[in-house]
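Residue numbers (the UniProt record's numbering): 1 to 135.
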């Protein structure tokens, strides 16, 4: 997945990036070491998101070195699991599967994504929290 880094540089052990060209607005937190501190950053981010009533799903990959944060609309709308946000869908019947198209899947994913202003605010929040940990 292509990403644009919004926090961190070549000397930094932790990076926060925006996943581009994906229907759900997604942040990627990456670290090759200092796992416990990255988890503290993540816990603080998730706590703030809960306080702000911003729905999200987490998908942890590469033994915890990559964490995808899928940001979604408020809890009043439909909510997708982390697996669905990551592109894995379950169908109850063969006909349901047969009727599925890429267009309908992309529409379903984009319909739950947080709006642009909310995403901008979350990006600023995440960078602010990470900077408090001295990175």
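Built from N, CA and C at the ideal position, the CB exists for glycine as well. This one's a predicted model, so the numbers in the text were calculated from it and none came from an experiment.
Residue range of the alpha helix (DSSP H) that includes residue 41: 35-51
Counting Cβ pairs closer than 8 Å, one from the stretch 22-29 and one from the stretch 56-74, do we hit at least three? yes
Express the C-alpha separation of residue 46 and residue 141 in angstroms, rounding to a whole number. There is simply no residue 141 to check, as the chain begins at 1 and stops at 135 in what is shown.
So residue 117 is in the alpha helix (DSSP H); what residue range does that whole segment cover? 116-132
Beta bridge counterpart(s) of residue 7 as assigned by DSSP: 16
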